[in-house]
Amino acid sequence: MQTELETLQANNTWQLVPRPKAVRPIKTRWVYKLKNPTNSTLIKDVVFKARFVAKGFEQLYGLEYIETFASVVKQIA
Numbered sequence: 814m815q816t817e818l819e820t821l822q823a824n825n826t827w828q829l830v831p832r833p834k835a836v837r838p839i840k841t842r843w844v845y846k847l848k849n850p851t852n853s854t855l856i857k858d859v860v861f862k863a864r865f866v867a868k869g870f871e872q873l874y875g876l877e878y879i880e881t882f883a884s885v886v887k888q889i890a
């Protein structure tokens with residue numbers, strides 16, 4: 814989880830801004846996943862992944878948002 818958070822900060826994915834008084838903040842959470850890239854049965858091959866997500870479903874259309882966007886990641890080798 815710490816590695817994922819450091820990657821988000823290093824890539825300038827977000828910035829902290831002051832919250833306007835009339836705005837309700839969106840709740841967030843970490844989502845964890847276990848990946849086994851080699852299809853091995855060995856525990857040492859399991860990779861732990863973490864994503865930080867916003868609970869956007871709690872927003873009200875027209876009041877708290879008007880447009881929606883899909884996040885897209887471009888991997889550079």
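The opening residue of the sequence shown carries number 814 in the working numbering; numbering runs sequentially from there.
Don't be surprised by glycine CBs; every beta carbon is placed ideally from N, CA and C.
Check your understanding: Across which residues does DSSP place Arg842 in a beta bridge pair?
Key -> Val866
Exercise for review: Out of Ile839, Thr816 and Asn849, point me to the one whose CA is closest to Glu871's CA.
Suggested key: Ile839
Check your understanding: Per the contact definition of three or more C-beta pairs closer than 8 Å, is the region 823 to 834 in contact with the region 871 to 885?
Key -> With the cut-off at 8 Å, the region 871 to 885 and the region 823 to 834 do not touch.
Check your understanding: My guess is that Leu821 and Phe865 are in contact by the Cβ rule of under 8 Å, so how many angstroms apart are they, rounded?
Key -> 7 Å
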